[in-house]
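K.L.:
Submitted below is the structure of interest, expressed as structure tokens.
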């Protein structure tokens with residue numbers, strides 16, 4: 014009986030939180046890389062994924078991409094614009110990279126670079142894979158997964 018309780022307390026939470034919970038809107042990558050290395054690696058990942066950089070703030074270790082347009086849904090008929098942010102912080106001698114994003118559908122709303130942030134919604138793990146939310150979450154998650162030597166966790170932040 015003690016072994017069953019131990020299994021439930023130790024193993025079960027690992028299985029439950031190995032995937033992103035519904036409504037997760039923040040991905041945290043923990044790595045032993047220094048903040049400088051994490052900053053450069055994350056920037057390189059964004060660039061390799063076709064993003065242009067809007068902000069590269071080395072003082073606060075923040076990267077913000079410009080809007081990148083994607084096709085999604087059935088036969089790529091839908092169009093979305095995605096903007097991602099990565100913030101690197103040091104905690105207990107490890108770098109924590111917090112990845113968040115915003116998305117807007119170009120079919121629902123026309124936008125400019127200036128109006129994007131006020132009209133876009135936060136990317137979160139909701140909806141089907143072919144929905145705006147599902148497609149944007151999948152893209153953000155796949156980009157975060159490209160960070161080598163990091164452990165990924167998912168959170169719902171207000």
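In the numbering used here, the protein residues as written are 14 to 171. Glycine included, C-beta positions come from ideal geometry on N, C-alpha and C.
Are there 16 or more other CB atoms within 10 angstroms of the CB of residue 89, so buried, or fewer, so exposed?
P.N.:
Counting Cβ neighbours within 10 Å, residue 89 comes out exposed, since fewer than 16 surround it.
K.L.:
Enumerate in chain order the residues of its own chain whose CB-to-CB distance from residue 80 is below 6 angstroms, with the five nearest sequence positions on each side excluded.
P.N.:
94, 96, 129, listed in sequence order.
K.L.:
Check residue 79 in the structure and name its three-state DSSP category.
P.N.:
Coil.
K.L.:
Could you please give me the residues that DSSP links to residue 84 through a beta bridge?
P.N.:
For residue 84, which the question treats as bridged, DSSP gives the partners 92.
K.L.:
What is the DSSP secondary structure of residue 50, reduced to helix, strand or coil?
P.N.:
It is helical.
K.L.:
Hey, quick one: how far does the beta strand (DSSP E) through residue 163 stretch, first residue to last?
P.N.:
Per DSSP, residue 163 belongs to the beta strand (DSSP E) from 163-168.
K.L.:
In terms of alpha-carbon separation, which member of 132, 165, 160 lies closest to residue 51?
P.N.:
Ranking the options by Cα distance to residue 51, first place goes to 160.
K.L.:
Residue 68: buried (16+ other C-beta within 10 angstroms of its C-beta) or exposed?
P.N.:
With fewer than 16 other Cβ atoms within 10 Å, it is exposed.
K.L.:
Using only CA atoms, which one of 64, 63, 91, 53 lies nearest to residue 74?
P.N.:
Considering only alpha carbons, the answer is 53.
K.L.:
In the DSSP assignment, find the alpha helix (DSSP H) that holds residue 105 and state where it starts and stops.
P.N.:
No alpha helix (DSSP H) contains residue 105, which DSSP labels as neither H nor E.
K.L.:
Between residue 18 and the rest of its own chain, which residues show a CB-CB distance below 7 angstroms, the 5 nearest in sequence each way excluded?
P.N.:
Legend: pLDDT at residue 18 = 38, less than 50; position of this residue unreliable, no value from coordinates given.
K.L.:
Inspect the beta-carbon positions of residue 107 and residue 166 and report whether they are closer than 9 angstroms.
P.N.:
Taking 9 angstroms as the Cβ cut-off, residue 107 and residue 166 do not qualify as a contacting pair.
K.L.:
Following the continuous alpha helix (DSSP H) through residue 41, name the residue where it begins and the one where it ends.
P.N.:
Unbroken run through residue 41 is the beta strand (DSSP E), 39-44; no alpha helix (DSSP H).
K.L.:
Are there 16 or more other CB atoms within 10 angstroms of the CB of residue 38, so buried, or fewer, so exposed?
P.N.:
That one is buried.
K.L.:
Going by the CB atoms, is the gap between residue 133 and residue 116 shorter than 9 angstroms?
P.N.:
Closer than 9 angstroms, so yes.
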